[in-house]
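Residue numbers (this note's numbering): 5 to 531.
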């Protein structure tokens with residue numbers, strides 16, 4: 005299919021014993037690790053121009069390299085000896101050309117060697133209502149898998165929620181879902197023949213069929229687990245005009261039973277009626293007082309805290325809202341006494357509008373980045389679809405221990421010196437590291453918001469920074485940058501990987517994982 009194993013070298017044991025089983029590693033979604041001995045540079049190596057296979061003899065500090073499809077925009081996760089990553093289902097024509105076939109793909113690789121263990125093709129969904137604008141499915145699976153025990157939970161490129169057996173079909177088809185062959189083939193197509201290297205779907209929940217959700221562009225939420233409950237955004241969004249919601253009454257945020265996929269709860273916010281573009285944010289969680297709160301960045305520019313379910317209800321309920329914080333300041337909402345519309349700041353669809361794509365435009369944005377919970381505070385930035393162009397962003401530090409409308413009372417500090425941002429921040433050693441769409445990384449004091457430095461990389465950046473071993477690892481459309489953590493900026497290395505880096509690096513068991521658009525590198529210091 006879309007992947008070729010490129011090789012491996014053995015003999016490097018993990019310097020720690022820490023998996024990275026979900027987006028952000030832990031429930032608070034702070035991408036920080038205490039692992040040590042990580043490389044401050046590596047050499048990606050040389051590849052065959054026709055096959056795309058890397059010669060590992062030409063690499064340095066590279067354990068293995070795995071060939072993905074033509075488009076990998078998400079983030080890997082690692083658990084119990086397996087690496088999970090989303091990509092597209094593309095066959096290799098040559099190193100620069102790909103033939104897309106059925107849509108997205110979820111792959112499971114061996115952690116030690118990079119060998120493919122199993123994969124799941126997720127075909128492009130067709131036959132949706134005319135109002136749906138779900139046209140970017142072929143870019144692949146964006147959602148990072150969330151792994152717990154022998155199950156992996158993921159939102160597929162076609163918008164459904166899947167519970168997968170981490171062993172795939174190698175131990176048989178476990179059920180109750182036994183329809184993998186038809187699922188991978190797509191509707192009205194002959195079923196594929198199942199193999200040991202195919203995925204095993206345990207259950208499937210479809211918000212499109214069950215709840216009338218109509219995702220916009222693509223589905224991209226990483227699932228959060230709390231007890232027996234899964235929390236996730238539905239990617240419900242605008243229609244093709246980008247002026248109205250395609251399904252304004254459908255829920256934007258839901259909770260499912262992790263054991264069966266049964267619907268347990270939805271948000272009681274009528275959130276979809278207020279969404280600017282789509283509800284893509286991945287939720288986080290944290291303990292505040294005697295309660296666990298679920299934090300969600302809204303497609304309406306508001307950050308929410310919901311009370312986590314303490315029991316599994318017999319029938320669907322509404323999630324209880326504890327507090328809300330409007331991340332869009334008043335000066336971003338009006339200009340010369342007139343309300344600023346969301347479309348006003350869209351550089352792609354409003355080419356004659358006031359946005360000159362130089363970062364100076366001021367207007368409303370949603371929250372796409374995941375709220376990070378650290379020591380009773382939420383850190384989150386506002387941002388927009390990158391195709392909308394640049395514009396003024398804002399980073400917020402919020403007191404998570406209050407109730408009601410905390411827009412004023414919960415504000416600890418704000419910072420408006422960054423562009424719009426998709427990236428989730430990293431908070432480490434009292435510092436906040438925030439990457440904006442312009443490719444700049446900002447270092448601020450976590451307590452006060454004081455700015456220590458801003459480093460320009462000169463290329464558009466979607467993903468955030470990993471903070472580990474006193475270093476920062478983050479990518480942009482041109483290269484991977486490695487910097488030293490601290491109150492003074494210091495670049496250790498810049499490493500071109502041959503294609504854009506859209507996700508965020510992770511580290512697990514002494515190995516750094518960096519995904520470009522087409523390859524996944526497992527990086528560790530050679531012994």
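Heads up, the beta-carbon is just placed ideally off N, CA and C, and yes, glycines get one too.
Relative to the Cα of residue 119, the nearest Cα in the group 148, 69 and 109 belongs to 69. In terms of Cβ geometry, residue 203 and residue 143 do not form a close pair [threshold 8 angstroms].
Residue 322 sits close to residue 270, with the two beta carbons spaced by under 8 angstroms. Judged by beta-carbon spacing, residue 236 lies beyond the 8 angstroms limit of residue 146, meaning their Cβ atoms are not closer than that value. Here residue 200 has 122, 172, 173 and 174 as same chain residues with Cβ atoms under 8 angstroms from its own Cβ, once five neighbours each way along the sequence are excluded. Sixteen is the threshold: since fewer than 16 other Cβ atoms of the shown chains lie within 10 Å of the Cβ of residue 130, the residue is exposed. Cβ neighbours of residue 524 within its own chain (closer than 8 angstroms, five residues either side excluded): 69, 70, 72, 76, 80, 87, 89, 113, 118, 517 and 518. Straight across, the Cα-Cα distance linking residue 494 with residue 149 is about 33 angstroms.
Contact annotation: residue 432 and residue 82 have beta-carbon atoms that are not nearer than 8 angstroms.
In the structure shown, residue 342 adopts extended strand secondary structure according to DSSP, grouped into three states.
Pairwise C-beta distances place the stretch 133–143 out of contact with the stretch 43–62, as fewer than three of them are shorter than 8 angstroms. By alpha-carbon distance to residue 317, the top candidate from 369, 139 and 266 is 266. Spatial neighbours of residue 444 in its own chain (CB-CB distance under 6 angstroms, excluding positions within 5 residues in sequence) are listed in chain order as 458 and 460. Collapsing the DSSP output to three states places residue 237 in a strand. Between residue 39 and residue 22, the C-beta gap is smaller than 8 angstroms, which places the two residues in contact.
Here the alpha carbons of residue 289 and residue 389 stand approximately 24 angstroms from one another. Straight across, the Cα-Cα distance linking residue 28 with residue 65 is about 24 angstroms. Note that the C-beta distance between residue 515 and residue 497 is not below 8 angstroms. Residue burial annotation: residue 253 is exposed, with fewer than 16 other C-beta atoms found within 10 angstroms of its C-beta. If you look at residue 169, you'll find it in the beta strand (DSSP E) that goes 165–169.
Three or more beta-carbon pairs drawn from the stretch 303–320 and the stretch 272–281 are found closer than 8 angstroms, and the two stretches are therefore classed as touching. A straight-line Cα-Cα distance of about 24 angstroms links residue 153 and residue 299. The DSSP-derived three-state label of residue 123 is strand. The alpha-carbon separation between residue 181 and residue 279 amounts to approximately 34 angstroms. Residue environment: residue 34 is assigned as buried (16 or more neighbouring CB atoms within 10 Å of its CB, all protein chains considered).
CA-CA distance, residue 155 to residue 230, rounds to 14 angstroms.
Sorting 425, 241, 348 and 361 by C-alpha distance to the C-alpha of residue 220 places 241 at the top.
Counting only runs of at least 3 residues, the stretch 43–92 fully encloses the following beta strand (DSSP E) elements, listed from N- to C-terminal order: 66–71 and 81–83.
Assignment of residue 26 by DSSP, reduced to helix, strand and coil, places it in the coil class. Counting C-beta pairs with one atom in each stretch, the stretch 473–488 and the stretch 388–408 have fewer than three that are closer than 8 angstroms, which means they do not touch.
Fully enclosed beta strand (DSSP E) runs of no fewer than 3 residues occupy 399–403, 415–419, 430–432, 435–439 and 444–449 of the stretch 390–452, in order along the chain. Beta-bridge partners assigned by DSSP to residue 112: 88 and 122. Residues 359, 361, 392 and 393 of the same chain have their beta carbon placed closer than 6 angstroms to that of residue 351, with the five preceding and five following residues left out of the count. DSSP places residue 297 inside the beta strand (DSSP E), whose first and last residues are 295–301. Residue 259 places its beta carbon less than 8 angstroms from that of residue 234. Here residue 493 carries a coil assignment [DSSP, helix/strand/coil].
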